[in-house]
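There are 2 protein chains.
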Amino acid sequence: MENFTFYAPTYFAFGKDTEADTGSYIKRFKGTKVLIHYGGGSVIRSGLLERVKESLKQENLEYVELGGVRPNPRSGLVYEGIELCRKEGIDFILAVGGGSTIDSAKAIAAGAVYEGDFWDFYSGKIVEQALPVGTVLTISAAGSEGSPDSVITKEEGMFKRGATGEALRPRFSILNPALTQTLSPYQTACGVTDIMAHLYERYLTNTKDVDVTDRMIEALLLAMIQAGPKAVRDAADYESRANIMWAGMMAHNNSCGVGRTQDWTSHDIEHELSALYDCAHGAGLAVTMPAVFTYNMHHDVMRFAQIAVRVWGCQMDFAHPEETARAGIEALRSFLISIGMPGNFAGLGAEEKDIEKMAHSACYGNGNTGSIGGFVKLEQKDVEAIYRLML
Amino acid sequence: MENFTFYAPTYFAFGKDTEADTGSYIKRFKGTKVLIHYGGGSVIRSGLLERVKESLKQENLEYVELGGVRPNPRSGLVYEGIELCRKEGIDFILAVGGGSTIDSAKAIAAGAVYEGDFWDFYSGKIVEQALPVGTVLTISAAGSEGSPDSVITKEEGMFKRGATGEALRPRFSILNPALTQTLSPYQTACGVTDIMAHLYERYLTNTKDVDVTDRMIEALLLAMIQAGPKAVRDAADYESRANIMWAGMMAHNNSCGVGRTQDWTSHDIEHELSALYDCAHGAGLAVTMPAVFTYNMHHDVMRFAQIAVRVWGCQMDFAHPEETARAGIEALRSFLISIGMPGNFAGLGAEEKDIEKMAHSACYGNGNTGSIGGFVKLEQKDVEAIYRLML
Numbered sequence: 077m078e079n080f081t082f083y084a085p086t087y088f089a090f091g092k093d094t095e096a097d098t099g100s101y102i103k104r105f106k107g108t109k110v111l112i113h114y115g116g117g118s119v120i121r122s123g124l125l126e127r128v129k130e131s132l133k134q135e136n137l138e139y140v141e142l143g144g145v146r147p148n149p150r151s152g153l154v155y156e157g158i159e160l161c162r163k164e165g166i167d168f169i170l171a172v173g174g175g176s177t178i179d180s181a182k183a184i185a186a187g188a189v190y191e192g193d194f195w196d197f198y199s200g201k202i203v204e205q206a207l208p209v210g211t212v213l214t215i216s217a218a219g220s221e222g223s224p225d226s227v228i229t230k231e232e233g234m235f236k237r238g239a240t241g242e243a244l245r246p247r248f249s250i251l252n253p254a255l256t257q258t259l260s261p262y263q264t265a266c267g268v269t270d271i272m273a274h275l276y277e278r279y280l281t282n283t284k285d286v287d288v289t290d291r292m293i294e295a296l297l298l299a300m301i302q303a304g305p306k307a308v309r310d311a312a313d314y315e316s317r318a319n320i321m322w323a324g325m326m327a328h329n330n331s332c333g334v335g336r337t338q339d340w341t342s343h344d345i346e347h348e349l350s351a352l353y354d355c356a357h358g359a360g361l362a363v364t365m366p367a368v369f370t371y372n373m374h375h376d377v378m379r380f381a382q383i384a385v386r387v388w389g390c391q392m393d394f395a396h397p398e399e400t401a402r403a404g405i406e407a408l409r410s411f412l413i414s415i416g417m418p419g420n421f422a423g424l425g426a427e428e429k430d431i432e433k434m435a436h437s438a439c440y441g442n443g444n445t446g447s448i449g450g451f452v453k454l455e456q457k458d459v460e461a462i463y464r465l466m467l
Numbered sequence: 077m078e079n080f081t082f083y084a085p086t087y088f089a090f091g092k093d094t095e096a097d098t099g100s101y102i103k104r105f106k107g108t109k110v111l112i113h114y115g116g117g118s119v120i121r122s123g124l125l126e127r128v129k130e131s132l133k134q135e136n137l138e139y140v141e142l143g144g145v146r147p148n149p150r151s152g153l154v155y156e157g158i159e160l161c162r163k164e165g166i167d168f169i170l171a172v173g174g175g176s177t178i179d180s181a182k183a184i185a186a187g188a189v190y191e192g193d194f195w196d197f198y199s200g201k202i203v204e205q206a207l208p209v210g211t212v213l214t215i216s217a218a219g220s221e222g223s224p225d226s227v228i229t230k231e232e233g234m235f236k237r238g239a240t241g242e243a244l245r246p247r248f249s250i251l252n253p254a255l256t257q258t259l260s261p262y263q264t265a266c267g268v269t270d271i272m273a274h275l276y277e278r279y280l281t282n283t284k285d286v287d288v289t290d291r292m293i294e295a296l297l298l299a300m301i302q303a304g305p306k307a308v309r310d311a312a313d314y315e316s317r318a319n320i321m322w323a324g325m326m327a328h329n330n331s332c333g334v335g336r337t338q339d340w341t342s343h344d345i346e347h348e349l350s351a352l353y354d355c356a357h358g359a360g361l362a363v364t365m366p367a368v369f370t371y372n373m374h375h376d377v378m379r380f381a382q383i384a385v386r387v388w389g390c391q392m393d394f395a396h397p398e399e400t401a402r403a404g405i406e407a408l409r410s411f412l413i414s415i416g417m418p419g420n421f422a423g424l425g426a427e428e429k430d431i432e433k434m435a436h437s438a439c440y441g442n443g444n445t446g447s448i449g450g451f452v453k454l455e456q457k458d459v460e461a462i463y464r465l466m467l
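Sequence lines, in order, name chains X and B.
In terms of the numbering used here, the first sequence opens at residue 77 and continues consecutively.
In terms of the numbering used here, the second sequence opens at residue 77 and continues consecutively.
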C-alpha cells in the first residue's frame, strides 16, 4: 500500500425529512448569507426548494437564488454565480440537486474567492480556498456530496474538465433517499452506473497487496447489483434507494481508493461523449466501461478474473483465467443493459466520424500531454480503438 | 435503513515514516502546549517517543509527558493527567500508543475541561467538550484512532466502562503500519480479533434491508481473514499490517454501522473478563464471541447463515439453514484459535466461581438496568449461561 492522507470532514445527515434541518446545518457551519443554487423544474415541482427555503427562513438566514444548472453543467452559469456571490456578499453556497448542481456550486465557491479565472482550477490548479458549500442531494450518482471534486463543461469548445482540492469537500450533505423517488428508471440507472464506474476506476490499480480496499470496492459493487435493479423497477422502494445513496457516497469519498493507483480512463473517454453529444454521464459510462476493460484486460488478467469471481459470481477457470476475466466484463455489460442503459454509440447518439476528434481531445486536453490512464497508458490510437469497440 | 448522522472529521496520515510530521499536524490543529501520553517501555525502546518529541521540537511546540498507561487503562492515571493538564495549561493531547493510551488520552481530554468528576462520562453522560486529541498509533485493534469512544477501568471495584461523544474523535491520527512490526504474534492476533469483533457487533442487527453496510462489514472481515494470519506468521510483513491498519480504522469509525441497530453484547460480556482478570481484550473477545453467537443464533438464523456463506465460505444448507449458521460460528472459532487466541475460560485465567458476579455486573453496571444486548435482550441468567459456554 502506498502512503496517503485521508480527510473527509463532511457532516452527513441521512434519512427521511432531513432536509427540514438545512437551515440549522448552515448555521452550524457559520453561513449567514446564502446562495441557493439549483437546476430546473424538478426541485420546484416537488416542493423541495420551498421546504429548503422555509428551513432557511426559520433560522433567519438571508439568501439569494441562482437556478438553471443543466446536466453537464456549463461554465457560463459559473461565471454568473461568481459575480452574484461577490455582489451580494455571499458566505455560504447551498446546492439543491444532483452532481451537476453540486459541481457547479463548487466551481462558484472556488471562483468567488479567487482573483483569476475560475477555469484555472479546471486546467490543473489545485483548489486551496473556496466558500463553504452544503448540499441537499436529489440523485445518487456523482458522489460529489462527499468528494473534493467537480466537473464543468466549458461552453467555448464544449469540453469537460475536472477540478479538485480539499476545500471543495462539502461542509455538510443532506441525504434523503426519498428525494430520489421521483427519478425516472433511466435516471436511476444512470446514477447506479456512475457509482459502479467510480468503483471500477479505483479497482483497476497497479498497486499490489491492497486487499482491504479491493474488498470494500467489491462490497459496494455487490450492494449496487442487489439494490440497483430493485430501484429501477420500483421507484418507491425507499430501502433500495437508501442503500444506493450511502454506497454512492462511500464509492467516491475515497475511503476505498486510498493508498493505490487509480485508473479514470473510462471517465476521461466518457467525458468527450457527454460534452459533445450532451448524453447522460452514466449512460456514456455504460457504453465506455466494457470497451475500456476489454481493451485493457490483458494488462492484468488476474485482476479482472478476481472481480469476475468475487463480484459477478463467475466460476474461476483456473486453466484459462482470461475466460473468467472476459466473463466478468460480459456480466457487467449485461447488467447495465438489463437496467436500461445503452450498449453502443447509437444508443448515445454518438457518431463514428467524431472518434478521431474525441480521442485527440481526451489525450491532449485537461493538462494531458498525449496519453491518459492510470492503469494502462493509452495514446490517441488506443483511445480511437476503444471508441471503435463501442460502435 | 434508519435515519442517522455521520461525521468523521479525523485527518489520517497513513504510511511509512509519517510520525515525522506529528509536530506539523499538531500545529495545523492549533495545539501549542502538548501533553504527550504513552504507556510503558516499548515506545521508548523502539525510539518512537524520541522521534515524536523531535518532531514537536522542530515546530517549537512545548510539551510535558505522562507515561505509564497500562492495558485496560485505569482511572487513577486519568485523574493524574487531568490535574497535569490544568496545572500546565495544556491545549492539545497527543497519544503515542495503542487503544489503551488513546482511550486514556480521551478521558483526560474530556475531564480537563469538565468541572465534575470525569467518571460521569463513563456513567452515561455524553462528552460534548474536550481538549483536542491527536494520535500516533502503535497497534491496530481498538479503532480508537478514528472513533468517538473511550473505555476506562475504574480501579475501585475494577469495572470497565465506556464513554462516547463526537468531541472525542481525534483531530488527526498517524497510522504507520511499520510501527506495529514490533508486536508479538499474540498481540497482533488480539488486535485482529478486536477488529473482527467491532465488525460482528455491527453485523448483528435487527434492522432490515441494510445490504450496503452488511457488504462493507463482510468485506473488512474478509480482509482480516486474509491479512491476519500472514501478519501473525511474519511480523515484518508490512503489506498485511497496512491492510489490517486501515481495516481496523474503517471497522470502528462507524461508516459500516450507520442506520442500523448494533449489538455490543460480546463487548459488554468481555469487559467483565478483562476488568477482573486483566486479560487482553482481544483474547477475551475470542472466547466470548463464539459463545454469544451460539446462544443468540436462533434469534435470526438467516443472518448467521449469510455471514457463514459470504465470509466463511460455507455451503448454504437450504434445507437446514441452522447447520450453515452453526458452521459459520465454528469457522470463526477455528480461525481465532488458528491465529493463537484462547478458546475457553482456562485460556484467559478466568474462573467459574466468578460467573454470577460478572453476569450481574454486566447487566446492572454501565447504566444498564438488568439487561444487555442490541440484538437479543439478555438478562443475568442468559449472561450466566453464555459464560458457562466458555468453560
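We treat Cβ as the ideally placed atom computed from N, Cα and C, and that holds for glycine.
The structure presented is a predicted model; accordingly, all values stated were derived computationally and were not measured.
Could you check whether the Cβ of residue i sits closer than 9 angstroms to any Cβ belonging to chain B?
i                  : result
Gly-389 of chain X : no
Met-77 of chain X  : yes
Gln-302 of chain X : yes
Val-334 of chain X : yes
Asp-224 of chain X : Residue identity check: residue 224 of chain X is Pro in the sequence provided, not Asp. With 9 angstroms as the cut-off, Pro-224 of chain X does not count as an interface residue toward chain B.
Pro-397 of chain X : no
Pro-149 of chain X : no
Can you name the residues of chain X whose CB is closer than 7 angstroms to the CB of residue i?
i                 : result
Arg-85 of chain B : Before going on, a small fix: residue 85 of chain B reads as Pro here, not Arg. Correct list: Pro-85.
Considering Cα atoms alone, identify which of the options is closest to residue i.
i                  : options                                    : result
Thr-240 of chain B : B:Tyr-279, B:Ala-273, B:Ser-199, B:Ser-151 : B:Ser-199
Leu-244 of chain B : B:Ala-295, B:Glu-232, B:Ala-181            : B:Ala-181
Lys-230 of chain B : B:Asp-354, B:Ala-84, B:Asn-330, B:Met-77   : B:Asp-354
Glu-406 of chain B : B:Tyr-371, B:Ser-437, B:Gly-423            : B:Tyr-371
Ala-367 of chain B : B:Thr-341, B:Leu-352, B:Val-387            : B:Thr-341
Met-434 of chain B : B:Ile-169, B:Gly-175, B:Leu-352            : B:Leu-352
Gly-107 of chain X : X:Thr-98, X:Trp-388, X:Val-334             : X:Thr-98
Gly-443 of chain X : X:Ile-202, X:Pro-149, X:Phe-380            : X:Ile-202
Val-212 of chain X : X:Tyr-190, X:Glu-232, X:Leu-170            : X:Leu-170
Can you find a CB in chain X that lies within less than 9 angstroms of the CB of residue i?
i                  : result
Glu-135 of chain B : no
Ser-331 of chain B : yes
Ile-320 of chain B : yes
Lys-284 of chain B : yes
Asp-287 of chain B : yes
Leu-296 of chain B : yes
Arg-291 of chain B : yes
Ala-299 of chain B : yes
Met-378 of chain B : no
Pro-253 of chain B : yes
Taking C-beta pairs closer than 9 angstroms, name the residues in chain X that residue i reaches, listed in chain order.
i                  : result
Met-365 of chain B : What Met-365 of chain B touches in chain X: nothing, since even the nearest Cβ is about 21 angstroms away.
Glu-315 of chain B : Met-77, Lys-284, Asp-285, Val-286, Asp-287
If contacts are defined as beta-carbon pairs under 8 angstroms, then residue i and residue j qualify, I think. What distance do you get, rounded to the angstrom?
i                  : j                  : result
Leu-275 of chain B : Leu-297 of chain B : 5 angstroms
Arg-317 of chain X : Gln-257 of chain X : 7 angstroms
Gly-224 of chain B : Glu-242 of chain B : Looking at the sequence itself, residue 224 of chain B is Pro, so the reference to Gly does not match. So it is a contact: roughly 5 angstroms between Cβ atoms.
Met-417 of chain B : Ala-362 of chain B : 4 angstroms
For the beta strand (DSSP E) that residue i lies in, which residues bound it at each end?
i                  : result
His-113 of chain B : 109-114
Leu-170 of chain B : 168-173
Val-227 of chain B : 225-230
Gly-210 of chain X : 209-213
Thr-81 of chain X  : 80-82
Ala-89 of chain B  : 87-90
List the residues of chain B whose Cβ lies closer than 7 angstroms to the Cβ of residue i, in chain order.
i                 : result
Ala-89 of chain X : Thr-81
Residue i lies in the alpha helix (DSSP H); which residues open and close that run?
i                  : result
Ser-350 of chain X : 341-353
Leu-296 of chain X : 287-309
Ile-405 of chain B : 397-414
Ala-367 of chain X : 357-372
Thr-98 of chain B  : 98-104
What does residue i reach in chain X if we use C-beta pairs closer than 8 angstroms?
i                  : result
Phe-92 of chain B  : Position check: residue 92 of chain B holds Lys in this sequence, whereas Phe was assumed. Simply Asn-79.
Ala-323 of chain B : Val-288
Name, please, each residue of chain B whose Cβ falls closer than 8 angstroms to the Cβ of residue i.
i                  : result
Met-326 of chain X : Val-288, Met-292, Ser-331
Check whether the Cβ of residue i lies closer than 8 angstroms to any heavy atom of the ligand FMN, and answer yes or no.
i                  : result
Ala-403 of chain X : Ligands in the displayed structure: none, and consequently the ligand FMN is not present.
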